[in-house]
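Taking this note's numbering, I'd label the letters of the sequence shown as residues 15 to 498.
Just so you know, even glycine gets a beta-carbon here, dropped at the ideal spot from N, CA and C.
Take a look at the structure below.
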Amino acid sequence: MRSSRAWPIATTSSIRLNLVNFGRKSTFMLQWDPERMTMQQAILTSVTCPNCHRPFNARLEQIFDVSQDPQAKARLLNGRFNLATCPHCGFRGALSTPIVYHDPEKELLLVYMPMELNLREADRQRLIGDLTNRILNALPPERRKSYLLQPKQFISLQSLMEAVLQAEGITPEMLAEEKARLDLAQQLLQADEASFTALVREHQDKLDSAFFELLMVSAAAAQAEGRANAAAQLYALRERLLPLTAFGQQIAAQQAAIEKLEKAAQEAGGLTQEMLLEHLIAAQDDDAVLQALVTVGRPAITYNFYLLLAGRIDQAKSAGQLEEAQRLEALRERILQITEALDQRSRAAFQEAANTLRQILSSPDPRQAVREHLAELDDVFMTVLSANLEAAEALGRTDLVRRLEEIGDMVLQEIQSIAPPEVQLVNALLAAPDDAAAKRILAERRAQVTPRFQEFVAGLVQGLRQDGQEEAAGRLERVVMHAG
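Next comes the structure, spelled out in structure tokens:
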């Protein structure tokens with residue numbers, strides 16, 4: 015969710031702009047040399063803060079060329095670009111500047127020219143020409159097509175984004191559905207207890223996987239824009255809705271099935287293929303649960319697993335249990351479909367994580383890059399980061415080791431900053447050097463030790479023990495569960 019706040023930015027030469035910003039007039043003079051902007055990188059430009067009126071340098075990106083930067087489309091649609099924070103007063107906003115978007119595969123050349131720049135027509139056309147010429151000049155002659163001579167112009171960034179989405183097959187109806195989800199989320203955030211319950215009951219069919227995905231993406235975007243409170247509210251809304259919705263109940267059923275499998279594996283000293291097969295057979299009639307179990311048990315689903323399942327099918331046929339054999343054959347086919355989809359997503363996720371890590375490493379401001387990509391920094395990213403860290407250590411690249419470690423620390427800090435209060439408190443307790451320090455932290459934050467927090471910790475202690483993290487579980491139990 016992109017902030018509506020904007021800091022208008024100067025463009026070619028020194029154009030004096032008389033602009034309205036947050037309800038007050040501000041005159042900005044910015045110096046920008048077009049030759050400094052390349053197809054591959056943004057530039058630093060001087061901007062005057064409309065809050066404290068002091069100048070500082072901000073990173074400016076005006077060209078989004080998919081042919082030069084495969085991540086340009088995602089960055090544009092996520093809205094995580096041209097955001098700046100004044101180093102003097104902390105004021106934060108978006109830089110309002112002309113933007114050009116180029117996708118040669120779809121023959122798109124789109125130009126956004128903010129109305130608030132209030133340019134004369136001659137200056138406007140010159141700016142458009144400068145931006146589109148940079149796209150044109152970067153292409154070999156054989157790839158210069160007629161669409162490049164007629165860029166489509168937009169006066170709002172939202173309309174340009176919608177044009178990009180429509181070229182991807184996202185219809186106006188789909189965009190309207192997305193807006194309806196955003197509106198519903200806003201209503202839920204603002205509702206009192208009675209209204210909240212009524213809204214959940216009325217819109218139960220709309221509180222689906224797409225809605226919960228929107229909450230997560232919006233929360234990550236809010237964090238990337240420095241709105242930690244908004245991010246925390248969205249995460250809290252998600253947790254509040256889960257037990258009240260059909261989707262949340264489905265998640266609970268999946269989690270229960272996973273916990274049952276994990277418990278059986280723990281009691282048996284490890285997960286066996288026979289054990290996994292039994293649980294998959296039991297879950298065959300609930301596809302969501304089946305998918306969850308296949309996901310968890312994917313490492314055990316090997317050639318030998320399929321031999322085991324084939325043996326079960328043969329046994330059923332030999333016993334004349336043709337209906338059971340058909341059920342097992344259908345199960346085998348579904349497992350194959352799920353694992354194939356999982357493997358494809360896994361390959362794509364690791365490639366995407368590697369690309370994200372490269373972007374953060376090459377960024378002049380790694381912390382800001384981490385914030386911009388926060389929604390993508392998941393377990394896969396951390397796995398890729400760890401693998402690269404190990405490789406750098408093996409090669410003796412101490413400089414790269416240091417940078418990767420710093421990025422890892424930044425990721426953890428940013429994730430921690432948007433975690434719900436109870437999670438932040440638990441992490442602080444686990445990070446304490448000893449029980450005495452943990453108890454001091456607990457005493458300082460006594461107001462947070464509510465019955466709900468105690469219940470949360472009890473579940474966490476159980477989960478830590480199941481994962482074999484007895485030391486962490488023991489500390490939490492000693493410090494929190496027995497707090498007077």
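Item, Value
"Those residues which DSSP pairs with D357 across a bridge", "Per DSSP, none; premise fails for D357."
"Reference A181; option with closest CA among D197, D144, Q200 and Y115", "Y115"
"Span separating the alpha-carbon of R479 from that of A487", "6 Å"
"Same chain, Cβ closer than 7 Å to N96, five either side skipped, listed in chain order", "L74, E75, A108, L109 and T111"
"Touching by the beta-carbon criterion (3+ pairs, under 8 Å), the region 301-314 and the region 264-283", "yes"
"Where the beta strand (DSSP E) through Q167 begins and ends", "K166 to F168"
"Whole-number beta carbon distance between M127 and Q172, since they are thought to touch under 8 Å", "About 14 Å; that fails the 8 Å criterion."
"Closest Cα partner of L388 within the set K120, T59, L350 and A245", "A245"
"CB-CB length for I421 against L399, believed under 8 Å", "7 Å"
"Cβ-based neighbour list, R50, same chain, cut-off 7 Å, excluding 5 preceding and 5 following", "Legend: pLDDT at R50 = 37, less than 50; position of this residue unreliable, no value from coordinates given."
"Length of the line joining the Cα atoms of F210 and Q269", "26 Å"
"Anticipated Cβ contact below 8 Å, L474 with L456, distance rounded", "That belief does not hold up - the Cβ atoms of L474 and L456 are roughly 15 Å apart, past 8 Å."
"Which of helix, strand or coil DSSP assigns to I113", "strand"
"Where the beta strand (DSSP E) through D79 begins and ends", "I77 to D79"
"Reference Q287, options T316, Q329 and K277, closest by Cα", "T316"
"Cβ-based neighbour list, A368, same chain, cut-off 7 Å, excluding 5 preceding and 5 following", "V398"
"Residues near A98 in its chain [Cβ-Cβ closer than 6 Å; skip 5 each side]", "A72 and L109"
"Where the alpha helix (DSSP H) containing I149 begins and where it ends", "E135 to N151"
"Between the CA atoms of D117 and L490 - distance to the nearest angstrom", "53 Å"
"C-beta contact flag for R252 and F225 at 7 Å", "no"
"Inter-residue CB distance, A446 and A452 (contact presumed, cutoff 8 Å)", "4 Å"
"For K87 and E191, the rounded distance between their alpha carbons", "21 Å"
"Under the three-state DSSP convention, the category V125 falls into", "strand"
"Bridge-paired residues (DSSP) for P69", "T62"
"Cα-Cα separation between G104 and I352, rounded to whole angstroms", "48 Å"
"Own chain partners of R381 with C-beta closer than 7 Å, once the 5 adjacent residues on each side are dropped", "M424"
"Range of the contiguous beta strand (DSSP E) that encloses L97", "L97 to T99"
"Whole alpha helix (DSSP H) elements within the region 168-247, 4-residue minimum", "171-181, 186-204, 207-216 and 223-238"
"Distance, A236 Cα to L91 Cα", "14 Å"
"Endpoints, alpha helix (DSSP H) assigned at L291", "Q287 to A296"
"Cα-Cα separation between P233 and P257, rounded to whole angstroms", "The sequence shown places Ala at residue 233, not Pro. Going by the C-alpha atoms only, they are around 19 Å apart."
"Proximity below 7 Å, CB of L162 to CB of L123", "yes"
"Beta-carbon contacts of A205 that lie in its chain and below 7 Å, excluding the five residues immediately before and after", "L213"
"Straight-line Cα distance separating L229 from L174", "23 Å"
"Reference V310; option with closest CA among I327, A408, L322 and L290", "L290"
"Run of the alpha helix (DSSP H) containing N402, from where it starts to where it stops", "D393 to A408"
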